[in-house]
Each structure stands twice: as structure tokens, then as C-alpha cells.
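So the mapping is simple: this note's numbering equals the position in the sequence shown, first residue as 1, plus 328.
C-beta: ideal position from N, C-alpha, C; glycine also.
Quick caveat: nothing in here was measured; it's all calculated off a predicted structure.
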Amino acid sequence: MIEDMKPAEKETTQQLIMEIEQLQTECSVKYDQEKYSLLMERLKELKKVIERDLVTRVVEELIEEEAPLEDLEILADTEKDASKRHYLLERKIAELLAQLGRVTRIARFVADAGSGSPALTNELKKCSDQSELLAPMLVKAAQERINKPNDKAAVDTYKSLLSKYADSLSRVRELCDQAVDPMDFVQTAGVMMERMREESSQKDDPRTCAKTSNVITKLANRVISVSMSSPTARRDPELQRALSDAKQRLRSVIPAPDTRASRLPDWRHTTAEILRTTGEVESVLGGENIFNKQPEPNQPIYSVALDLHASVREWSSRDNEIVAVARRMAVLMARLSDYMNTDKQRELLLTSKQIVQESHEVAYLAKKMAHECTDVRIKTNLLRVCERIPTISAQLKMLTAVKGSSLGHQGTKEDKEAMNMLVDNAQSLMRSIQDVVKGAASASVKIMSQHGPRNRWVRRNYY
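Written out as C-alpha cells, the structure is:
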């Protein structure tokens, strides 16, 4: 995978691999707890690099462009010059084989990375092999189609093989999409669609804009498909309904294929609506649709979760683990608030445990960034906030357990006291997470060299 990376990413990844190999050698000679912990940390960093690179390739390099042989029928029937016809055919065959090589290469990367289930990996390899077997047969059929334009058998054979090849390639793309993390896919696709839209706007060429709109539309359909086939969506009927609504909105903004050019809506409006829908899919997939309701007076914990969500949602969580964890914590705290008014003690305690785990993760990530910050004041303030998070989260776990034991007995003096303490703790934790995000954003501009995957602080665009 390194061979195809950009120079800066390639150099960073090579250094990371060399460090891992060195640590592995040293640990195999003599066990050292500190070096072992560092080795585990570097392996996690490398895993993130691979996953990020993989999902970027799946999104960007498997774009559903026009098939190289799509207009061969027109070429066979309209081009009378035999030499020119054969030249154009050879060029189209070269494009076909280049596309096949790109798709099967990505498929092998995905299969080797083991991102999906064993069954999915096996099917991916099978479909990839099938595409490679069909390609030479399709090439031969295309040559026959050009050489014998009036031969019905040659025409039928070509059409049949073209259909099989297209279906096989489409299945490979679909399996690759399903193998990567759904949230990473949606975020990466959103970033790519924004970039394509911006680049086309600068060119202001009608043909380029129309092509961009078509590619963005196809990518948006992939986003919906990946989201609806994700394990989370399959388990959650409410999430399925929300994604189905997003799918219907997407269909409503995409003009029909037979729409006359004079009646086509402005491509900027269409792509803006598509990007808005994609952003909604990302929010729904992350469970953030829980914040669509306004807080009630008796929901103080939900209110602080909503405040955290509002403060961090301005940042893109793509390539930013601190923001991603903070957004997950806001969702978890909102769910914790909902469970307070039910008898779901197990869900209450499980959610509390998840909040504690995420708080430790965000503190770890922020500490790591603080130690790389060259500004002493920002570094000190960020470390101070990080130090208090484990204590607050441990108290949250204990107070939630106390509150959980009184579910079904709300209104008692003990329950009110436990609730007040829990509200104070939740407010303190959410404020601390907000401070961490704010401090980390400030520290990011004071870092000379960040080890491992870099946290990118990019403002989200709203359409």
C-alpha cells in the first residue's frame, strides 16, 4: 500500500514501520514493559493508517464512472473508417484493463486487510477472480463485435458478456464498500463530494459540472447503500427508518435520467442537497438524531449532552479522533439521560461504562497531543483538564450504579440526592470534554511534528 501513497504519508508510514520492527526485535530479545507498551501503541497507529488509506482508496478509486466499452455499439455502427475504428477499440480495451487492474488491486488490499467478515472476504476474492476471467472474454467479444458489425451472434455474445462483466465489477465494488467501516466511508465520501463540487465550481464548465453532478449522485447512492447494510442499521429499526427517509430525500432531489436539459435544476442546488443529505446520514449513523428534540425542564443531563454536541459538531470528525470521541460521548450521555426515566438498569450501567471508556480515550489522545505542543501555557492547561477526567468519569460510574439501584422508586429522598449528584457530575464531565476539544484545537497549531496519524482540525460545511 505504501507504494501508492503521497510522499509525505509514505515517509511517515515507512518511519512508523521501521520503529515497529525495531521495537519488535528489542522485545523479542529482552522483555521490557515500557517498550512493549510503546510497540502496542505504534501497532494501533499503523492499523489506523492502513484503515484510513484503505477507505480512501475504496471511496476515491472505485468511483462509478462510465464503463470503457459502454459506447462501443455507437462506435461499431457509426465509424466507417476501419483503421480509426480499430484504434478507438484498442484504446477502449486499454481503459477497460486499466480499470480492471485498479478495481482488483483495491479488492485484494481490502481482502488482505481483513476488514470484513471471512465470508465477505471469500466472496470478494471470488468475484474479483471472476472479473479477471471475464475480461479477456469480453475483449475478444468486443473485437468480434467491431470486425463483424452485422453478425447477430457476435452482437448478442458481446452484450451478454458486457452485462456479466459489469455486474461482476459492481459486486466487487459493493463488497469493498461493505468491508470498510460505514462511518469512515460516509465521512470520506462527504469530503470527496465537497472537493469535487468546489473544483467544478472553479472551472465553471457545463460539461464538467454535469459529469461531477453525476459522479456525486452515484457516490451518494453508495453512501446510502453502505449505511443501510451496516450491522448497526440492521439491528436498529429506528435507524433503518431514518436512513430510508434520507434515501427518499436523495431520490427527490436527483432529476430523472430522461429529464430534458432545459428543465434540469441548477447543478449547484442538486449537489448541495445531496451533500446535505449525506451529512444527515453521517449524523444518523452516529446516533446524533437523538438531539433532534429539545430538552425538557426535567432533563438536565440531556441538556449538558446537547451543549457538548453543539460545541463539537462544528468540527469534522474525519481524521480527528478527539472530535469523534467527543461526539460519541455526547450521544452516550443523551442515551444515559433517556435511561434515567425507564427501568432499563442494564442499559443504564452499560452506557455509563461506555462513557468511562470513551473519557479515558479522549484524555489519552489529548495528553499525547499536549506533550507534542510547543506552547507551555496551552500544554499545561490541556494536561490539567486531562488529569481530572478519569476522576470525574469514575465518579460517574459509581453514581450511575447508585441511581440504577433506585430505578422504579423515583421520587424518594435518596433518589433525588443521587440524581442531583449525578447531574453535577455529568455537567462537570461534559464541560471538561468541551475544554479538552477547545484546548486540543489550540494545541494543534503549536505542534511542530505530530507522531502517527495527524488530527486534522477542519470546520464542517453546512449546506
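Inter-residue spacing [alpha-carbon to alpha-carbon] between residue i and residue j
i, j, result
"Ala-698", "Arg-656", "22 Å"
"Thr-599", "Ser-772", "32 Å"
"Asp-323", "Val-543", "The question about residue 323 has no answer, for the chain in this structure spans 329 to 791."
"Leu-603", "Lys-766", "27 Å"
"Asn-362", "Lys-376", "Note that residue 362 is Glu in the sequence shown, not Asn. C-alpha separation (whole angstroms): 22 Å."
"Ile-391", "Val-514", "14 Å"
"Glu-624", "Leu-634", "12 Å"
"Val-640", "Val-651", "6 Å"
"Thr-679", "Gly-607", "25 Å"
"Leu-710", "Val-659", "23 Å"
"Glu-339", "Arg-370", "15 Å"
"Thr-817", "Lys-672", "Because the chain in this structure spans residues 329 to 791, residue 817 falls outside the shown range and cannot be described."
"Leu-397", "Asp-479", "18 Å"
"Glu-649", "Asn-783", "7 Å"
"Leu-452", "Lys-707", "47 Å"
"Gln-627", "Met-661", "11 Å"
"Leu-613", "Gln-685", "20 Å"
"Glu-331", "Asp-484", "41 Å"
"Arg-380", "Leu-374", "10 Å"
"Gln-797", "Glu-642", "In the structure as shown, the chain starts at 329 and stops at 791, and residue 797 therefore has no counterpart that could be examined."
"Thr-384", "Ile-582", "25 Å"
"Val-297", "Leu-448", "This structure leaves residue 297 out entirely; the chain is present only between 329 and 791."
"Tyr-359", "Gln-350", "13 Å"
"Gln-343", "Ala-336", "11 Å"
"Lys-744", "Leu-366", "45 Å"
"Cys-701", "Ala-769", "11 Å"
"Glu-354", "Thr-341", "20 Å"
"Lys-372", "Thr-545", "35 Å"
"Glu-502", "Glu-526", "27 Å"
"Ser-760", "Arg-579", "42 Å"
"Gly-615", "Leu-571", "11 Å"
"Ala-494", "Asn-620", "41 Å"
"Leu-466", "Ser-687", "55 Å"
"Lys-741", "Lys-681", "26 Å"
"Asn-753", "Thr-560", "30 Å"
"Thr-417", "Leu-428", "Note on residue identity: the sequence assigns Leu, not Thr, to residue 417. Rounded to whole angstroms, Leu-417 to Leu-428 spans 16 Å at the Cα level."
"Ile-683", "Met-758", "11 Å"
"Leu-412", "Met-333", "It should be pointed out that residue 412 corresponds to Lys in this sequence rather than to Leu. If I take the Cα positions, the gap works out to 37 Å."
"Ser-558", "Ile-378", "20 Å"
"Ala-574", "Arg-712", "42 Å"
"Lys-725", "Gly-732", "10 Å"
"Asn-789", "Glu-601", "13 Å"
"Glu-610", "Asn-617", "10 Å"
"Asp-450", "Val-431", "The displayed chain sequence assigns Asn, not Asp, to residue 450. Taking the straight line from one Cα to the other gives about 16 Å."
Burial state of residue i (16 or more Cβ within 10 Å)
i, result
"Asp-763", "buried"
"His-637", "buried"
"Glu-566", "exposed"
"Ser-356", "exposed"
"Val-798", "As displayed, the chain neither begins before 329 nor continues past 791, which places residue 798 out of reach and without an answer."
"Ser-496", "buried"
"Tyr-279", "Residue 279 lies beyond the stretch modelled for the chain, which goes from 329 to 791, so this question has no answer here."
"Ala-422", "exposed"
"Asp-440", "exposed"
"Glu-522", "buried"
"Pro-510", "buried"
"Thr-719", "exposed"
"Gly-442", "exposed"
"Ala-410", "exposed"
"Met-799", "The question about residue 799 has no answer here: the residues shown for the chain are numbered 329 through 791."
"Ala-426", "exposed"
"Ile-717", "buried"
"Arg-473", "buried"
"Ala-481", "exposed"
"Asp-405", "exposed"
Assumed close pair residue i, residue j - CB separation to whole angstroms, cut-off 8 Å
i, j, result
"Leu-424", "Leu-462", "At roughly 11 Å, the Cβ-Cβ gap does not stay under 8 Å, so Leu-424 and Leu-462 are not in contact."
"Arg-436", "Ser-456", "7 Å"
"Thr-516", "Arg-646", "7 Å"
"Val-508", "Ser-644", "About 18 Å separates the two Cβ atoms, so there is no contact after all."
"Val-704", "Val-653", "No, Val-704 and Val-653 are not in contact; Cβ-Cβ is about 26 Å, not under 8 Å."
"Val-730", "Ile-629", "With a Cβ gap of about 15 Å, Val-730 and Ile-629 do not count as contacting."
"Thr-605", "Ala-548", "7 Å"
"Thr-540", "Met-520", "The pair is not a contact, with the Cβ atoms about 11 Å apart (cut-off 8 Å)."
Identified DSSP bridge partners for residue i
i, result
"Cys-296", "A question about residue 296 goes unanswered here, because the residues of the chain that appear run from 329 up to 791."
"Arg-787", "Trp-643"
Check whether the stretch 689-697 touches the stretch 660-679, counting contact only when three or more Cβ pairs, one atom from each stretch, lie closer than 8 Å. Result no; under three Cβ-Cβ pairs closer than 8 Å.
Can at least three beta-carbon pairs, one atom from the stretch 529-536 and one from the stretch 547-562, be found at a separation below 8 Å? Cβ pair count under 8 Å is below three, so no.
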